[in-house]
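Since the structure comes first, as structure tokens, the remarks are kept for the end.
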Amino acid sequence: MRKLVLTAFMSLDGVIDEPGDWQGSMFDDDSTRLVRERILRTDVVLLGRGTYDVFAGAWPSAPSDPFVDRINALPKYVASTTLEKAEWNNSTIIAEDVERRVAELKEEDGGDILVYGVGSLAHSLLRANLVDELEIWVHPVLLGKPEPAGLLVREGSRSALKLTSTEITASGIIVSCYAVEKDSNLE
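In structure tokens form, the structure reads like this:
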């Protein structure tokens, strides 16, 4: 059975929106190592439409390295009711019954299913109790952008979490992994 992992880059004040605009200068050798280790444990990438559009516009033409080669080769699933054709190598569109299809993918043997970002897809997976692990990269920056759609936590995103590991990169990024406690009652 596969594990479903949500991974997100976040500012210290909880903003996850547009990380490409603010987190790049903080990436260091530690960050690169951690990103590569994560993608090597991954057998399937699951993306929402917005993240797919960004990734499909960047990774296929990126210079070859272990991360780029791996993400381009992996099977990718895109949850979208509006995308008509997925051009990125090994991409499949899931247009309906996303939660059921993700549950089926989890039942298969293999490595992790990785969801980048914590947008509407990720929140629906959290509400459906399909997420096994949450990996948050807290960057040492305050962005002051409190729009709800760009924040990590949204209405209905109630989960009890258990810290399983933490690592701090040389540039001060705190990478924390949390197991989602399936049997917890937050009522």
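Using the working numbering, the letters of the sequence shown correspond one by one to residues -9 to 177. C-beta: ideal position from N, C-alpha, C; glycine also.
Helix, strand or coil: which one does DSSP assign to residue i?
{"i": "glutamate 177", "result": "Interpretation of glutamate 177 is limited by its pLDDT of 48, a score under 50 that renders its predicted location unreliable; the figure taken from the coordinates is listed afterwards. In the structure shown, glutamate 177 sits in coil (DSSP, three-state: anything other than H, G, I, E or B)."}
{"i": "tryptophan 127", "result": "strand"}
{"i": "leucine 133", "result": "coil"}
{"i": "alanine 48", "result": "helix"}
{"i": "leucine 151", "result": "strand"}
{"i": "alanine 76", "result": "coil"}
{"i": "glycine 10", "result": "helix"}
{"i": "arginine -8", "result": "coil"}
{"i": "threonine 41", "result": "helix"}
{"i": "aspartate 19", "result": "helix"}
{"i": "leucine 120", "result": "coil"}
{"i": "glutamate 86", "result": "coil"}
Based on the DSSP secondary-structure assignment, which residues constitute the bridge partners of residue i?
{"i": "lysine 66", "result": "Val35 and Ser81"}
{"i": "glutamate 182", "result": "Summary: the structure shown does not reach residue 182, with the chain confined to residues -9 through 177, and so no result is reported for it."}
{"i": "aspartate 200", "result": "This structure does not reach residue 200, given that the chain is present from -9 up to 177, and the question cannot be answered."}
{"i": "threonine -3", "result": "Tyr106 and Glu125"}
{"i": "valine 170", "result": "Leu151"}
{"i": "valine 58", "result": "BP columns for valine 58 are empty, so no partner."}
Roughly how many angstroms lie between the CA atoms of residue i and residue j, to the nearest whole one?
{"i": "serine 161", "j": "leucine 30", "result": "23 angstroms"}
{"i": "valine 170", "j": "glutamate 74", "result": "33 angstroms"}
{"i": "glycine 14", "j": "valine 108", "result": "18 angstroms"}
{"i": "glycine 134", "j": "aspartate 3", "result": "7 angstroms"}
{"i": "valine 181", "j": "leucine -4", "result": "Residue coverage of the chain in this structure runs from -9 to 177, which leaves residue 181 outside it and unanswerable."}
{"i": "methionine -9", "j": "aspartate 102", "result": "9 angstroms"}
{"i": "serine 81", "j": "proline 65", "result": "6 angstroms"}
{"i": "glutamate 27", "j": "glycine 38", "result": "22 angstroms"}
{"i": "alanine 85", "j": "valine 58", "result": "26 angstroms"}
{"i": "alanine 69", "j": "isoleucine 83", "result": "6 angstroms"}
{"i": "serine 114", "j": "valine 88", "result": "9 angstroms"}
{"i": "arginine 60", "j": "aspartate 43", "result": "18 angstroms"}
Among the options, which one has its Cα closest to the Cα of residue i?
{"i": "lysine -7", "options": "Gly14, Arg90, Asp33 and Met16", "result": "Asp33"}
{"i": "glycine 10", "options": "Thr41, Leu24, Arg26 and Asp19", "result": "Thr41"}
{"i": "tyrosine 67", "options": "Asp59, Lys96, Pro56 and Phe57", "result": "Lys96"}
{"i": "asparagine 79", "options": "Ser54, Ile163, Ala69 and Pro50", "result": "Pro50"}
{"i": "leucine 116", "options": "Ile6, Trp127 and Val92", "result": "Val92"}
{"i": "serine 21", "options": "Val128, Ser110, Glu77 and Ile6", "result": "Val128"}
{"i": "methionine 16", "options": "Ala63, Glu137, Val131 and Val44", "result": "Val131"}
{"i": "glycine 100", "options": "Met0, Cys167 and Val35", "result": "Val35"}
{"i": "aspartate 7", "options": "Ala48, Glu137 and Leu24", "result": "Glu137"}
{"i": "alanine 63", "options": "Thr72, Thr71 and Ala52", "result": "Ala52"}
{"i": "glutamate 77", "options": "Lys152, Gly47, Ser149 and Thr154", "result": "Gly47"}
Do residue j and residue i have their beta-carbon atoms positioned less than 7 angstroms apart in this structure?
{"i": "aspartate 18", "j": "threonine 156", "result": "no"}
{"i": "alanine -2", "j": "isoleucine 164", "result": "no"}
{"i": "tyrosine 168", "j": "leucine 104", "result": "no"}
Flag residue i as yes when its Cβ comes closer than 6 angstroms to any non-hydrogen atom of the ligand SAH, and as no otherwise.
{"i": "threonine 71", "result": "With respect to small molecules bound, the structure shown includes none, and the ligand SAH cannot be examined in it."}
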